[in-house]
Amino acid sequence: MAVIGIDTNPLQSQTREPGWLRRSGRVVSDIFHTPLGGIGITLVVLILVVAVFAQWIAPYNPTAISVKERLAGPSFTHLLGTDQLGRDLFSRVIVGTQTAMMVAISALSIALVAALPLGLIAGYGPRWLDAALILVFDSLSSLPMIMLGLAIVVLLGPGIPTVILVIVLYSVPSYARLVRTQTLSLKSRDFIKAEQAMNASTPRILFNHLLPNVIGPLLILACLDISTVITLEAGLSFLGLGVKPQVPSWGNILSDGFSVIRSTALPVIAGGAPLILATIGFTFFGEALRDALDPKLARERKP
Amino acid sequence: MMRETALIEANNLSVAVPRSSRWFPSRKPDLDILVDVSVAVKPGEIVCMVGESGSGKTTFGRALLGLVRPSAGQIVFDGTPLPDFSPPSFKRIRREASLLFQDPVTSFDPRQRIASILAEPRRIARSGSVARSEIEELARKAGLVSPLLSKFPHALSGGQARRAAVARALSVVPRLIVADEPTAGLDVSVQGGVLNLFLDIREEFRTSFLIITHNLSIARHVSDRIVILYLGRVLESGPAREIFRAPRHPYTRALLDSEPIPNPAKRREAPPVIGEVPGLAARPSGCEFHTRCAFAQDRCRHERPLQTAISAEHEVACHYPLTPRLTVVGPPPQRLPKTANR
């Protein structure tokens, strides 16, 4: 019989589906396989470790003011010097990493969890519901980001929850739109038709077949967006709309540094460099993740 | 007349797609993809639907399972007509019929492994887990070796994917398999394997088949009955042996003649079909085949021929059907005794 090109050696062929641990191990090794992915994952891991252990890494209390030592240059006591209030910049950058990651990860998770069902329903559901949801998404995304932020800050007061809310409101429409477009293009594909012909229920089609096919691109977009979100948080903080001024965040460091830029550029560099590193890291990581997660792009592995 | 009740029967099934939008209605009439197609498939029977591309054969297969919504007509399954063409009504058919898509790879979820794809119909039917051994048994039945079960669909070759599709169709033993171009893209040896698999399945489960194809040698190899489709209408239908021995419709004959014969000494002398298939949007008047028919008369240009019974199971839609064993080309065509016309 014409069954061609099959590896019939039972020792080499795997009959069992690999477990999730093994599969994620493969994904990680795939990401490391490309040079950019390696840089990306290293930066991402570094940033996450710093964020988690910020309190232990920071040599000083990031909010402790010491007017005597204001605007000190780099030294062994203050690795990156101090700002105009004499706060240790290195400690502020480290703890700022925690703020940034907390805001980015929680805001993006909330946005993803909200956008997935909305987009799936808009794409797969009836036309009128799609039209209604699109209207809401478009109205939300037509509001200028800064105006939206201002309005919400005025209503709720500045703080991390407010920043998260602004970011969620800002990103849900674009994520939901991506999910909707993907769903629309998938729902006329044969494999969804085949599911319908097999009597599969709508929830089954939505969550077992559309969701796994949609979530890949979405996770990658979210990964690439982490940098945007961090920038956003920094921007809002820079404008004084984000986290409170005493809380260390990269935006606050930038904003404080900006006012003294004529005497020293160090605070601006200290606030900007981690932002750039995070952007590069998460972008590279996201792109490598996209290549690694796509079963068609996954390189053939030799046993 | 004693007749075994058909498993599935389409009576005057039509599919039309609107060409004007709901909000900006225009005068454009709906585009008819299928017009008054009547086909019945009996239990254990293999019916081949043959037509050129654009004849609506794929649409017919999809309409039977409700993937395309019919615009008129009736579908009778197991002796009971469907009350309407809403998705819930089709559930009854979908439970007992499987559809093999033209391109099997696209009919698999790209993120599922083959094992899980094969288990899908059973999971849907009994909403529980499916044992690995069941899946291996199923794969073996369709001629798939078990190492393939842990692969993703894109890693399969054409023949393997086709077998996987058949295995999935067998997952819940179907009473009807609608196979859309089951041999497309396969080399001849694999084609034979797939068709023999169909015959085995019929033998074992008395499954009925509706095979949609443009390939007459497939029809010759496996079918009991043949339906010839042209621009969404049935031109001729009847027992395969009768049609292959003595086609009555000039189109059927032309199709048979365009089939390559491996023997150069045996040449057929009838003319091939002239020109291209006319578009669905500009259907010719009268008999829609007259633009390409070598035997067309004036009447064919104005009057649409009706389905006329030639024998108990053989029907043809032609004003001037060919007589059996007509070998001489050209007019005057033989007239049959006039049947109920109009």
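These protein sequence lines are chains A and B, in that order. For the record, in the first sequence the residue sitting at position 105 is 105 according to full-length UniProt numbering, with numbers rising by one throughout. For the record, in the second sequence the residue sitting at position 227 is 227 according to full-length UniProt numbering, with numbers rising by one throughout. Glycine included, every Cβ here is placed at the ideal spot set by N, Cα and C.
C-beta neighbour in chain B for A/VAL214, strict 8 Å: Residue mapping note: residue 214 of chain A aligns to position 214 of the first sequence, counting from 1. Chain B, which has no Cβ nearer than 8 Å to the Cβ of A/VAL214, makes this no.
Test: B/ILE135 CB closer than 8 Å to a CB of chain A: Here the question's residue 135 of chain B lines up with position 135 in the second sequence. Judged by the 8 Å Cβ criterion, B/ILE135 is not in contact with chain A.
Buried versus exposed call for B/PHE108 [16 or more other C-beta atoms within 10 Å across all chains shown]: Position 108 of the second sequence, counted from the first residue, corresponds to residue 108 of chain B. Under this definition B/PHE108 is a buried residue.
CB contact check: B/GLY330 to chain A, cutoff 8 Å: Counting from 1 along the second sequence, the entry for residue 330 of chain B is found at position 330. The predicted model places B/GLY330 with a pLDDT of 45, which falls under 50 and marks its position as unreliable; any figure quoted below should be read in that light. No - not a single Cβ of chain A is within 8 Å of the one on B/GLY330.
Reduced DSSP secondary structure (H/G/I, E/B, other) of B/ILE177: Locating residue 177 of chain B in the second sequence gives position 177, counting from the first residue. Strand, per DSSP.
Assumed close pair B/PRO305, B/LEU231 - CB separation to whole angstroms, cut-off 8 Å: Within the second sequence, residue 305 of chain B is the residue found at index 305, counting from 1. Within the second sequence, residue 231 of chain B is the residue found at index 231, counting from 1. Going by Cβ atoms, the distance from B/PRO305 to B/LEU231 rounds to 13 Å, so no, they are not a contact pair.
Closest by C-alpha distance to A/ALA100, when choosing among A/LEU277, A/ILE253, A/GLU233, A/SER66: Within the first sequence, numbered from 1, the residue matching residue 100 of chain A stands at position 100. Residue A/GLU233 is the option with its Cα nearest to A/ALA100.
Residues that DSSP places opposite B/ILE212 in a beta bridge: What you label residue 212 of chain B is simply residue 212 of the second sequence in a count that begins at 1. Note: B/ILE212 sits in a beta bridge opposite B/MET49, B/ASP180.
Interface residues of chain A facing B/LYS91 [CB-CB closer than 7 Å]: For the purposes of this step, residue 91 of chain B is taken as the residue at position 91 of the second sequence. Residues of chain A passing the Cβ test: ASN199.
C-alpha distance - B/GLU259 paired with B/GLU242, whole-angstrom precision: Taking the second sequence and counting its residues from 1, one reaches residue 259 of chain B at position 259. Taking the second sequence and counting its residues from 1, one reaches residue 242 of chain B at position 242. Whole-angstrom Cα-Cα distance: 17 Å.
Beta-carbon contacts of B/ALA184 that lie in its chain and below 7 Å, excluding the five residues immediately before and after: By 1-based counting over the second sequence, the position of residue 184 of chain B is 184. Cβ within range, chain order: GLN102.
Contact list for the region 175-208 of chain A against chain B, Cβ threshold 9 Å: ARG189, ASP190, PHE191, ILE192, LYS193, ALA194, GLU195, GLN196, ALA197, MET198, ASN199, ALA200, SER201, ARG204, ASN208
With 16 other Cβ atoms within 10 Å as the buried cut-off, status of A/VAL154: For the purposes of this step, residue 154 of chain A is taken as residue 154 along the first sequence, with counting starting at 1. Exposed.
Buried versus exposed, by CB contacts within 10 Å (16 or more), A/HIS33: In the first sequence, residue 33 of chain A corresponds to position 33, counting from 1. With fewer than 16 other Cβ atoms within 10 Å, it is exposed.
Within chain A, the residues that B/ARG140 reaches when beta carbons sit closer than 8 Å: Numbered from 1 along the second sequence, position 140 holds the residue referred to as residue 140 of chain B. Per Cβ cutoff of 8 Å: no residues; B/ARG140 is ~12 Å from chain A at best.
Bridge partner(s) assigned by DSSP for B/THR308: Counting from 1 along the second sequence, the entry for residue 308 of chain B is found at position 308. According to DSSP, B/THR308 bridges with B/VAL316.
Close beta carbons around A/ASP83, own chain, < 8 Å, minus the five adjacent residues each side: Taking the first sequence and counting its residues from 1, one reaches residue 83 of chain A at position 83. For A/ASP83, where only same-chain residues beyond five positions count, the Cβ hits under 8 Å are ARG70, LEU71, LEU89, ARG92, ILE253, ASP256, GLY257, VAL260, PRO267.
Neighbourhood of B/HIS290 by C-beta, 7 Å cutoff - its chain only, sequence neighbours within 5 removed: Here residue 290 of chain B corresponds to residue number 290 of the second sequence, with the count starting at 1. Excluding residues within five positions, the ones whose Cβ falls inside 7 Å are PRO284, ALA296, CYS300, ARG301.
Contact the region 158-173 of chain B vs the region 104-121 of chain B: 3+ CB pairs below 8 Å: yes
Contact set between B/SER107 and chain A, taken where Cβ atoms lie within less than 8 Å: Position 107 of the second sequence, counted from the first residue, corresponds to residue 107 of chain B. Here the neighbours are ASP190, PHE191, LYS193, ALA194.
C-beta atoms of B/LEU34 and B/LEU13 nearer than 8 Å: Position 34 of the second sequence, counted from the start, is the residue given in the question as residue 34 of chain B. Position 13 of the second sequence, counted from the start, is the residue given in the question as residue 13 of chain B. Yes, the pair counts as a contact, with Cβ atoms nearer than the cut-off.
Beta-carbon gap between B/GLY56 and B/ALA10 smaller than 8 Å: Here the question's residue 56 of chain B lines up with position 56 in the second sequence. Here the question's residue 10 of chain B lines up with position 10 in the second sequence. Against a cut-off of 8 Å, the Cβ pair of B/ALA10 and B/GLY56 comes out as no contact.
Contact check, B/ARG202 vs B/ILE75, beta carbons under 8 Å: Your numbering for residue 202 of chain B matches position 202 in the second sequence. Your numbering for residue 75 of chain B matches position 75 in the second sequence. Contact flag unset, no.
Cross-strand partners of B/PHE77 (DSSP beta bridge): As a first step, residue 77 of chain B is located in the second sequence; it is residue number 77 there, counting from the start. Note: B/PHE77 sits in a beta bridge opposite B/ILE8, B/THR80.
8 Å contact criterion, which B/ILE117 and B/ALA164 should meet: CB distance rounded: Mapped onto the second sequence, residue 117 of chain B falls at position 117. Mapped onto the second sequence, residue 164 of chain B falls at position 164. B/ILE117 to B/ALA164, Cβ: 7 Å. Contact.
Residues of the region 62-94 of chain B whose Cβ lies closer than 7 Å to any Cβ of chain A, in chain order: LEU65, LEU67, LYS91, ARG94
Where the alpha helix (DSSP H) containing B/PHE236 begins and where it ends: Along the second sequence, one-based indexing puts residue 236 of chain B at 236. The sequence given here places Glu at residue 236 of chain B; Phe does not occur at that position. Looking at the DSSP string, B/GLU236 is not in any alpha helix (DSSP H); the run it does join, the beta strand (DSSP E), is 233-239.
Contact between the region 107-118 of chain A and the region 170-183 of chain A (3+ Cβ pairs under 8 Å): yes
Buried/exposed call for A/LEU135, threshold 16 Cβ in 10 Å: Sequence index remark: in the first sequence, residue 135 of chain A carries index 135 (1-based). When all chains shown are included, A/LEU135 counts as exposed.
Three or more C-beta pairs below 8 Å linking the region 121-137 of chain A and the region 280-289 of chain A: no
Cβ neighbours of A/GLY271 in the same chain (closer than 6 Å, five flanking residues each side left out): Here the question's residue 271 of chain A lines up with position 271 in the first sequence. Cβ neighbours of A/GLY271 beyond the five flanking positions: TRP250, ILE253, LEU254, GLY257.
Selection from A/GLY216, A/ARG87, A/SER237 that minimises the alpha carbon distance to A/VAL27: Here residue 27 of chain A refers to the residue found at position 27 of the first sequence. Ranking the options by Cα distance to A/VAL27, first place goes to A/GLY216.
A/LEU82 - DSSP class collapsed to helix/strand/coil: As a first step, residue 82 of chain A is located in the first sequence; it is residue number 82 there, counting from the start. Checking the sequence, you will find Thr at residue 82 of chain A rather than Leu. It is a strand residue.
Short CB-CB distance (under 8 Å) between B/ILE124 and chain A: Stepping through the second sequence from its first residue, residue 124 of chain B is reached at position 124. Yes, B/ILE124 lies at the interface with chain A (some Cβ there is under 8 Å from its Cβ).
Min CB distance B/GLU242 to chain A below 8 Å: By 1-based counting over the second sequence, the position of residue 242 of chain B is 242. No, B/GLU242 lies away from the interface with chain A (no Cβ there is under 8 Å from its Cβ).
Reference A/GLY125; option with closest CA among A/ILE205, A/LEU241, A/ILE220: As a first step, residue 125 of chain A is located in the first sequence; it is residue number 125 there, counting from the start. The shortest C-alpha separation from A/GLY125 is found at A/ILE205.
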